[in-house]
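In the working numbering, the protein residues as written are 2 to 155. Beta carbons: idealized from backbone N, C-alpha and C, even for Gly. The structure appears below as structure tokens.
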């Protein structure tokens, strides 16, 4: 699946049906993201992988020997917050579905939250330091509220 216009180029690989079925809704979310965060362009590859695949990648790049829900990789190393969202997002749908079920979250909302969270990382936001975490979470929660998704951290 591809979403493309003058400011958006998002290509999906091995996406589950709920993503394909929500293409227009997701495109609108990306357009809102552009406006809300004053982003000039979004150029992403979003790939879905198995828990064993993401576990291997998580170990290699983050030294964490366990599956995770999502990993994000900017096109180039970001030193400051950027206005271009260019990179790759890897999502483990098995983990995402289990989290949504365990936390009683709507699956599409949880997917969208993880993509937004990853896009903020690609823009240069982080949460390793307390102040950075507060800034990122505040921006994330404000945007999610604007698009009708409740605070995922409560």
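Segment limits, beta strand (DSSP E) that includes residue i
| i | result |
| --- | --- |
| residue 49 | 42 to 50 |
| residue 3 | 3 to 5 |
Enclosing alpha helix (DSSP H) for residue i [first to last residue]
| i | result |
| --- | --- |
| residue 112 | 108 to 124 |
| residue 100 | 94 to 103 |
| residue 33 | 24 to 37 |
| residue 69 | Segment: none, residue 69 is in no alpha helix (DSSP H) and carries neither H nor E. |
| residue 18 | 18 to 21 |
Simplified DSSP assignment, three categories, for residue i
| i | result |
| --- | --- |
| residue 55 | helix |
| residue 167 | Absent from the model: residue 167. The displayed extent of the chain is 2 to 155, so no value can be given. |
| residue 77 | coil |
| residue 12 | strand |
| residue 89 | strand |
| residue 83 | coil |
| residue 133 | helix |
Through-space distance from residue j to residue i, alpha-carbon basis
| i | j | result |
| --- | --- | --- |
| residue 22 | residue 91 | 19 Å |
| residue 29 | residue 129 | 30 Å |
| residue 59 | residue 74 | 12 Å |
| residue 44 | residue 103 | 32 Å |
| residue 134 | residue 127 | 6 Å |
| residue 51 | residue 26 | 25 Å |
| residue 8 | residue 107 | 28 Å |
| residue 41 | residue 154 | 28 Å |
| residue 152 | residue 11 | 25 Å |
| residue 69 | residue 147 | 27 Å |
| residue 6 | residue 31 | 11 Å |
| residue 138 | residue 124 | 14 Å |
Residue environment, residue i, which counts as buried when at least 16 other CB atoms sit within 10 Å
| i | result |
| --- | --- |
| residue 53 | exposed |
| residue 3 | exposed |
Close beta carbons around residue i, own chain, < 7 Å, minus the five adjacent residues each side
| i | result |
| --- | --- |
| residue 109 | 19 and 23 |
| residue 39 | 84 |
Sequence-distant residues of the same chain with beta carbon closer than 6 Å to residue i, five excluded per side
| i | result |
| --- | --- |
| residue 71 | 92, 115 and 119 |
| residue 66 | 60 |
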